[in-house]
Every structure is written in C-alpha cells, then in structure tokens.
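Peer 1: This is the structure I want to talk about, given as structure tokens.
Residue numbers (the UniProt record's numbering): 1 to 294.
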C-alpha cells in the first residue's frame, strides 16, 4: 500500500536530529538510492517501508503523519498568500510557479473552499498563460458544482468568483441569471455584512456581458453602479473598466458624448497612475474597434 503524501522531508529531518546516516537508516530495509529519493520527496515509500523506517528511528507513524500534515498546511498557507499577491497584479506566470508546490496529495486534503481557490488560480493560469480556454471553462464548471446548488440561498466567496468566471466564458441566460442572483444576494445582506469587493467581480462580469451584447443602456446601468462602489472601496483594479465603459456607453448612445470621452480619458489616466498597463491595452483595442478618437 502506498501512502498518499510524501513524508521524506520529515524522515530526513528526524534522521539528522538523531545523527543517523542514510546507510544506517536504510540498512536491511531499502537501497541507499531509495532512501535518497524518499528523502528528496521524489518518491513516496510503501507503507511497509515507511513503518520499518519510523520503527528504526523510534518514532510513531502517527507522529510522522501529524508532522507531514502540519507542514503541508503551512506550505498551503504560504503559497496561498503568494498566489493572492501575484494574482492581484495579474502576474499569472508567477502564480503558475506557486502552484507547482501544491501537489495532489496536498490538494486532496484541502477543504472544498480551499480546493476552489486553487481551482481559480489554475483557471487563470490556463487562460492567461497557457491559452487552454476549453480546459479552463470545464474546470470552472466542475469546481463551481463541488458546492453550488441551483436552489442555493447563500453563496461563498469562492462560489461567487467561480460564478463570475463561468459567466466570463459563456454569456448564456442561465449564467447571467445566476450572476444576477448572487449579486442580489450580496446587495440584500445587512449593510455591515455586505462584501462589496465580491459584488465588484459580479458587476464587472455583468458589465462585460452587456458590452459584448452592445446593450449600451445595460452597460451604463451596471458600470455606474460598479464605479460608485469601486470608488468607495478605492479598488483601483476595477475603476478603469467601470470608468471607461460608462464613458463608452454614453458615447455610443449619443447622450453626452463629451462627458463620455472625458470618462474614457480618465480611465487611461488611472491605468497610467496605477501601472495597470494590461488594462490600458484592452481599452486601446476597444477604441480601435469602434474607431473612437479621444
């Protein structure tokens, strides 16, 4: 029977603390090459070999399992913090490197919510770095339904982010309705309990959906609401998009074209101040598409 986690680093630490050499530890149990691979976490020992090793070290298997679990939890927390930091700046190349340390043995022991967080990071890497859109879409739907039920009256943070990601991949009536339901749930919470940062994800997703459909009145409605919240929260990640699409909707509806242009210009200034150049490039593409000169 093979254990489902790599315990080599713990075995190595205990061996060194007890002043055993690799040769002394593995004598009569396994080869020197095997113990070297086990200690470097390149392979997992069979359960029988693990029992023999810990018996020679004079420790219990329970101690090994507890220490491995503790180190895995510590590693997950450390990598999660790193991924959140890198994702905030859209550095998904760095996120890809962070994910390499979260192997399946760690992933499988995580709570559903923590698994969904890892799934979200994997989705962004598949989309932004590897260009695997279909795989990313399939993973988003699979991850969402790990916990989400269609009759749900409550949404976790991870579900809301996944709902928005699923909408990003496919602007179907079902996906739009689900995003609107989640947004309404947030807005109906006690004002002291509302997570407006999560509502920004959904508002941004619905605004992009309206933009893709060229439903400018809907774009104006959603972008205005989103901009108000983003400015209150000082969320510089969202402000440029809301500013720009509010301006674009005014321009395209021929209501207040001059004001629309000013808002779009302001969006570019925010991008430059905050160094969100990847957003700026997207705004330039939109101006080119609609042949608008600022």
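Backbone N, C-alpha and C define an ideal beta-carbon position, used for all residues, glycine too.
Would residue 262 and residue 246 be called neighbours here (beta carbons separated by less than 8 Å)?
Peer 2: Cβ atoms of residue 262 and residue 246: not closer than 8 Å.
Peer 1: Between 113, 135 and 22, which has its C-alpha nearest residue 169's C-alpha?
Peer 2: Taking only the C-alpha atoms, the option nearest residue 169 is 135.
Peer 1: Cβ atoms of residue 162 and residue 144: under 8 Å apart, would you say?
Peer 2: Cβ distance < 8 Å, so residue 144 and residue 162 count as in contact.
Peer 1: The alpha helix (DSSP H) with residue 7 in it runs from where to where?
Peer 2: Per DSSP, residue 7 belongs to no alpha helix (DSSP H) and is neither H nor E.
Peer 1: On a CA-only basis, which of 132, 108 and 124 is nearest residue 95? Give me that one, please.
Peer 2: Taking only the C-alpha atoms, the option nearest residue 95 is 124.
Peer 1: Is it buried or exposed for residue 78, if we count other Cβ within 10 angstroms and need 16 for buried?
Peer 2: Residue 78 should be labelled exposed.
Peer 1: Let me check understanding here. Comparing Cα to Cα, which of 288, 171, 38 and 283 lies closest to residue 265?
Peer 2: Among 288, 171, 38 and 283, the Cα nearest to that of residue 265 belongs to 283.
Peer 1: Please determine if the segment 145 to 162 and the segment 104 to 117 are in contact, where contact requires at least 3 C-beta pairs separated by less than 8 Å.
Peer 2: Yes: the two stretches touch, three or more of their Cβ pairs being nearer than 8 Å.
Peer 1: Quick check: the Cα distance between residue 137 and residue 45, rounded to an integer number of angstroms?
Peer 2: Answer to the nearest angstrom: the Cα atoms are 36 Å apart.
Peer 1: Cα separation between residue 148 and residue 116?
Peer 2: One C-alpha to the other measures close to 11 Å.
Peer 1: I'd like to confirm the pairing. Which residues does DSSP put opposite residue 249 in its beta bridges?
Peer 2: Note: residue 249 sits in no beta bridge, so no partner.
Peer 1: Of the choices 197, 180, 192 and 195, whose alpha-carbon is the least far from that of residue 207?
Peer 2: Cα-wise, what sits closest to residue 207 is 180.
Peer 1: Select from 28, 88 and 252 the residue whose C-alpha is nearest the C-alpha of residue 276.
Peer 2: The residue with the shortest Cα to Cα distance from residue 276 is 88.
Peer 1: So which of 166, 223 and 182 has the shortest CA-CA distance to residue 151?
Peer 2: Among 166, 223 and 182, the Cα nearest to that of residue 151 is on 182.
Peer 1: In the DSSP assignment, find the unbroken alpha helix (DSSP H) run with residue 173 in it and report its ends.
Peer 2: It spans 173 to 187 - the alpha helix (DSSP H) in which residue 173 sits, taken as one unbroken run.
Peer 1: Let's see if you can read the secondary structure: which residues bound the alpha helix (DSSP H) around residue 83?
Peer 2: Run containing residue 83: 61 to 88, per the alpha helix (DSSP H) assignment.
Peer 1: For residue 171, I'd like the list of residues in its chain whose CB is within less than 8 Å of its CB, leaving aside the five on either flank, ordered along the chain.
Peer 2: Counting only Cβ-Cβ distances below 8 Å, and skipping sequence neighbours, we find 209, 212 and 213.
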